[in-house]
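Chains as they are written, first to last, in the numbering used here: chain A, 1 to 484; chain B, 1 to 433. Worksheet for the structure shown next.
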C-alpha cells in the first residue's frame, strides 16, 4: 500500500498516479525512480510509439510543411475562380488545423502513457514558458516539430540549449515576429520577450533583473537576420557574406539582413561578426543571476508552492549558476530539498497545496479513472481543456498560462471543473477506451488508497453516492483531488 | 423585405402591460447570494464584436465619392429617397444635439447606417438613444485579431508589459468596490474581466440547463467550510439563476403567444437575440457590469452589401440589442451599451468581394440616458491621403480616452480612479453620457 506521501510525491513528479507508475516507483524506490526520470532518454515505449505512428503529419518536418504551405498560398492566390479560391483556402485551413491536432494528440498520449512522466511534464512546462500560439500564421505548421524536436529532447538538459533551440525554431520566429526583423527595419518583439519572459524576467521584478529599453534595442540588433526562408531556394547574398550564412531546415541566419555594427547589451560589448553574436548574447543572458533566479522560481512555483520558499529558490539559483544552467541538476536539488519533501509530507502546514491547473486536473483524472485501460481518442480531452480555459497551444500572449490559484479559481471555473469531472467519468466511449480491462483490481486498490487520504466530509459524500459513476465523479470533483 | 413591426415605443408599452400579467411566472426566481447593486449605479454592457467588423459598411460614408470608387461591388448604395430599400439610411444629427442641421439634411448627410438596422437600431438614433464614435480604436497596429483584442481588453497602452495582466473592466469593478457587480456572459472568463476581483461567468447560449442538483449538492457538501465554498456557491447560484430566468422568459413568451409570433421570428436557443434577453434580465436585477462577445465578423470573402453575410450578422446583432433595451424596462434609462471591435477593415474591397484587416473602426453607444442621435469625437473626410497607411480608417478617437471620459460621468470617478482603470491614459469627454 502506498503511503499518502508516496501518492502526493508521485502526484507532483508525474502527471498523476496510475498503477503502472506506482508499480515502477515501488520496485525502484523513490530515489532511484527520481534518478531514472531525471536521466530519461526521451524515447517512447513500444505501445505508445505504435499509437503515435498513426499520426501521419508528424512524419513531416516543419520545413517541409512550411515550404509546401507557402507554395500552396501562391498557387491559391493565382487562381482566377473565386469559388475555387474559397474552397482551396478552406482545405488549407483544415490541413493546418489537422497538423495542430496531431501535435496535440501526440503530446496528450505521452502525458497519459509515457514512462518518462517527468520529461512530459517538463515538456509542457517549457512549452508554456516558451509559449507560442498555434493560431498565428505558420505556427500551425511548425508546432509539432517545435514541441517534439526543439523542446522535449532538451527539457531536462542545459537551459541555454533550450533557448538556442527555440530561437532558431520556425514556430518562435513566426510567433514573435523575428522572421520579419532586419537591419533598418527592426522588430523588437522577440528581443523584448527573450529578456522579459524567457531569460532574465521582468526588469525591476523579483528575479533581480535589470535591463533597459536600450538593451532591448541592442539585443534586437544582434538578432537581425535571424529568420526563416520558406522559398525552398537559397537567398541571394553577396559573395563576401556567403560564408556567414547559417541555415538548417527553413531556419536561416541571413547576413544580408544583419546589422554588423557593434552592440552593447547589459554593459557587455558584442563585436559585429554574424551568427556568433547570437550565441554570445544567449550565453550572456543565460549566465545572468537574474535568469537563474527567474527559472528557479518558476520551477519551484510549479512543483512546490504558489509562493515557493525563498531558501529553496536560493539553493536552486546557486545550482543553476554553478552548473551553467543544467536543469536536471537544478531539479535534483529541488526534489531532494527539505522544502519539497516537507511540502509533500505536510502540504497544508507549509502553504504548499497547489490547485491543479486544468491540464493537471484533466490528465491526472484520466490516469486515475482509466487506469490500466488505453485511451485512443484524445479529442474530448481537447474540448475539456478548452472549457476549462487552458486550450493546448492556445495562449495568445507570450507569457504563457499563469501558474497559481488566483488564475484558476473563479466561480465559473469551479462549476466547469465539476461538470468536466462528470463528463470524464462518462467518457469511455468517446475516448475510445478499450473495454478489456485487465487490471481493475490494481485500479481499485489505487483508488482506495487515494480515497483513504481524503477528509471525512469528502468520504461521507462519496459513501452517499447513488452509483459508482457518481462516486467516481465526486472523487474527481473533491477538494483533495483538485489540489496536488 | 421586413415584416410589419410595432414601433419600439409601442412594443415597450405592450411589454410593460403584459409583464404585469406575467408576475406570477417570475415567482420562482428568488434572491441570490450576492448583493443587489444600488439602484443609482448605472448599468454598463460591453459588447465585443470579435473578428473586426466592417465599420465602413455599417457607418457608411455616403458623402464620400472615394468610398464608392473603393468598393465597386460591396458598397452600400447612397439613398436617393428617404428610407429607400437596400440603401444606407441617412444619419442626420438630431436637433438640439449641438450640431448644425441643414434644411436638406437627409439629402446632404455625410454618413448613413446599414439598412439591416432599420427596424432595430435606427429607431434608437431617432429617439436620441444611439450615438456613434467614428474613427475609433486603439493605436496597436499589429492588425492581428488576437493580439489587438488582448491589448484592448487589457486596457493598457500598446507596448505595456504583458505578464498576466488584468482587464480594464475588472479594474473598473475594483474601483467601484461595493457598487460594482460584474459578470461575463461567456464560456470562460475573458481577458477584459480577468484580475483581482472575482467575476462570475456564464454562457447564455443553449438551453440554460441548471447544473445537476443532486451531484452539485454533494459537491458543495465536500467543500463546506473550505475557502473555495463561497466562490462555488456563487458559481452554482449564477447557473441556477440563468436557468430559472430562462424558464421564466419562456413562460412570459408563452403568454404573449400570438402577439409575439406576428412581430418576431422564432429565435433559436443559440441566437444572439435569446442571449440578449437573458442578459437583460440578469442586468436588470443583479449585475451592473456585463460583457459579452459576438464572433463571426471577419469578412474577407463575399461579405455582401445591403444583403449578405455581414447584413445577416447585423440583423441578429441589431435585433438582440433592441430586445435587450426592451427587457431592461425601466432600467434602460440608467444603462449604457458600448459596441466595439478590435479594428476596422480595409477601406478598399479586396479581390474576393470582402475586406481585410484594417485599423480605425466605429463604436456604437446606446442607452436610455445616452446623448444620442449624434457623432462623437473627431472626424476626418475620407480621401486617399487621409487613410491610415493608405488603406484603412485612421484612429482619431482612442478607446481608453473614450471609456475614461464616459466612466468619469457615469460613476463620478476621480482622476486617480480613472488612472487605476486606464493607467497612463487621459480621459476625453466625447459627450456620450
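Glycine included, each C-beta is placed from N, C-alpha and C at the ideal position.
Residue 281 of chain A sits close to residue 222 of chain A, with the two beta carbons spaced by under 8 Å. CA-to-CA, the gap between residue 224 of chain A and residue 423 of chain B works out to about 32 Å.
Within a 10 Å sphere around the beta-carbon of residue 119 of chain B sit 16 or more other beta-carbons, which makes this residue buried. In the DSSP assignment, residue 357 of chain B forms a beta bridge with B:345. Listed in chain order, the positions of the segment 225-236 of chain B with a beta carbon within less than 7 Å of a beta carbon of chain A are 226, 228, 231, 232, 234, 235 and 236. Beta-carbon to beta-carbon, residue 294 of chain B and residue 272 of chain B are separated by about 6 Å, close enough to satisfy the 8 Å threshold. The three-state reading of DSSP puts residue 122 of chain A in helix, counting H, G and I together. From the beta-carbon of residue 402 of chain A, the residues of chain B found nearer than 7 Å are 164.
Judged by DSSP secondary structure, residue 145 of chain B falls within the alpha helix (DSSP H) whose first and last residues are 145-154. Residue burial annotation: residue 51 of chain A is buried, with at least 16 other C-beta atoms found within 10 angstroms of its C-beta. For the segment 407-424 of chain A, residues whose beta-carbon sits nearer than 9 Å to a beta-carbon of chain B comprise 407, 409, 410, 411, 412, 413, 414, 415, 416, 418, 419, 421 and 422.
Per DSSP, residue 264 of chain A lies in no alpha helix (DSSP H); the unbroken beta strand (DSSP E) holding it starts and ends at 263-265. Exclusion of the five residues before and after residue 115 of chain A leaves 45 as the residues of its chain whose Cβ lies within less than 7 Å of its Cβ. Looking at the backbone, the Cα of residue 269 of chain A and that of residue 375 of chain A are separated by about 54 Å. The beta carbon of residue 347 of chain A sits no closer than 8 Å to any beta carbon of chain B.
For residue 83 of chain B, same chain residues with a beta-carbon under 8 Å away, outside a window of 5 residues either side, are 89 and 118 in chain order.
Scanning the segment 175-242 of chain A from its first residue to its last, the whole alpha helix (DSSP H) runs of 4-plus residues come out as 189-193, 213-222 and 239-242. Counting along the chain, the unbroken alpha helix (DSSP H) around residue 282 of chain A starts and ends at 275-286. Distance from residue 420 of chain B to residue 288 of chain B at the Cβ level is roughly 18 Å; contact not present, criterion being Cβ atoms closer than 8 Å. When C-beta distances to chain A are compared with 8 Å, every residue of the segment 404-422 of chain B stays at or above that value. The C-alpha of residue 299 of chain A lies about 42 Å from the C-alpha of residue 89 of chain A.
Counting every other CB atom within 10 Å of its CB across the protein chains shown gives residue 466 of chain A a total below 16, marking it as exposed.
In chain order, 344 place their CB closer than 6 Å to the CB of residue 8 of chain A, counting only its own chain and leaving out the 5 sequence neighbours on each side. Between the segment 148-161 of chain B and the segment 368-381 of chain B, the count of C-beta pairs closer than 8 Å stays below three; the two stretches do not touch. Inter-segment contact for the segment 277-295 of chain A and the segment 182-199 of chain A is present: three or more beta-carbon pairs are separated by less than 8 Å.
A residue is called buried when at least 16 other Cβ atoms come within 10 angstroms of its Cβ; residue 390 of chain A meets this threshold and is buried. Closest option to residue 321 of chain A, judged by alpha-carbon separation, among A:167, A:40, A:292 and A:462: A:292. Contact of residue 202 of chain B with chain A by beta-carbon distance below 8 Å involves 412. Going by DSSP, residue 82 of chain A is part of the alpha helix (DSSP H) stretching over 82-113. No Cβ of chain A is located within less than 8 Å of the beta carbon of residue 244 of chain B. Residue contact check for residue 396 of chain A against chain B: a CB pair falls below 8 Å.
Here residue 145 of chain B has 50, 51, 52, 298, 342 and 357 as same chain residues with Cβ atoms under 8 Å from its own Cβ, once five neighbours each way along the sequence are excluded. Restricting attention to beta strand (DSSP E) runs no shorter than 3 residues, the segment 333-420 of chain A encloses none.
For residue 53 of chain A, there is no enclosing beta strand (DSSP E), as DSSP gives it neither H nor E. Remark: C-beta atoms of residue 131 of chain A and residue 120 of chain A do not approach each other more closely than 8 Å. Under the three-state reduction of DSSP, residue 319 of chain B is assigned to helix.
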